[in-house]
Amino acid sequence: MVEETKKLTEKQEAFLEALCGEAKGNIRGAMNIAGYSENTKISEIVSSLKDEIVERSSLLLAMNAPKATFSMVDVLDDPGQMGARNAVSAATQILDRTGLVKKEQIQVTTDTGGLFILPPKKENDSEDNHTGEVGE
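Just so we're on the same page, the working numbering is the position in the sequence shown counted from 1, plus 730.
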């Protein structure tokens, strides 16, 4: 299946690059960097680039997943460091959003065997099924 890519203007591309780079998510800042007028409404830009913004945000999270992993490992090495709890919390959020979630395993055990005993079949049940007559 081939996806159609939306053709972006130079200004739109500059906005997206600035939003996930220099502006660090500040929409108005990214608009200024890209050269949009101060009179341009934020909603005009965001509504036309909504899908691209979400895609770039997802990519940004994926790019920071290794950093989040290392911050969790660093807390293991030095659990007394300042902000360790906040670092683990932020790292967990990033890893959850990128799909690297904590695995939960459920173990099911039973005391009974796998044998299920059915009651004996009645004679008249089999006759009704073969004749095709209902409710005589």
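Don't be surprised by glycine CBs; every beta carbon is placed ideally from N, CA and C.
Delimiting residues of the alpha helix (DSSP H) encompassing residue i
i, result
"Asp-781", "780-807"
"Thr-870", "No answer is possible for residue 870: the residues shown for the chain start at 731 and end at 866."
"Glu-764", "Checking the sequence shown, residue 764 turns out to be Ala, not Glu. Its alpha helix (DSSP H) spans residues 757-764."
Test item: CB-CB of residue i and residue j under 8 Å
i, j, result
"Ile-772", "Arg-786", "no"
"Leu-779", "Gln-742", "yes"
"Val-805", "Val-818", "yes"
Nearest neighbour of residue i, chosen from the options [CA to CA]
i, options, result
"Phe-800", "Ile-775, Glu-752, Leu-738 and Ile-824", "Ile-824"
"Ala-760", "Phe-745, Glu-774 and Met-793", "Phe-745"
"Ala-792", "Gly-829, Ile-847 and Glu-752", "Gly-829"
"Asn-794", "Gly-813, Pro-850, Pro-849 and Gly-751", "Gly-751"
"Ile-763", "Glu-740, Ala-798, Pro-796 and Asn-816", "Glu-740"
"Ala-798", "Glu-768, Val-831, Gln-837 and Ile-847", "Val-831"
Between the CA atoms of residue j and residue i - distance to the nearest angstrom
i, j, result
"Lys-675", "Ala-748", "With the chain represented from 731 up to 866, any question about residue 675 goes unanswered, as that position is not in the structure."
"Pro-809", "Ala-821", "15 Å"
"Ile-847", "Lys-833", "37 Å"
"Pro-796", "Tyr-766", "34 Å"
"Glu-774", "Glu-782", "14 Å"
"Asn-769", "Val-776", "15 Å"
"Met-812", "Asp-841", "49 Å"
"Thr-839", "Lys-754", "50 Å"
Residue i - DSSP class collapsed to helix/strand/coil
i, result
"Lys-741", "helix"
"Ser-767", "coil"
"Pro-752", "The amino acid occupying residue 752 in the given sequence is Glu; Pro does not appear at that position. Here Glu-752 sits in coil by DSSP."
"Leu-746", "helix"
"Ile-721", "No answer is possible for residue 721: the residues shown for the chain start at 731 and end at 866."
"Glu-853", "helix"
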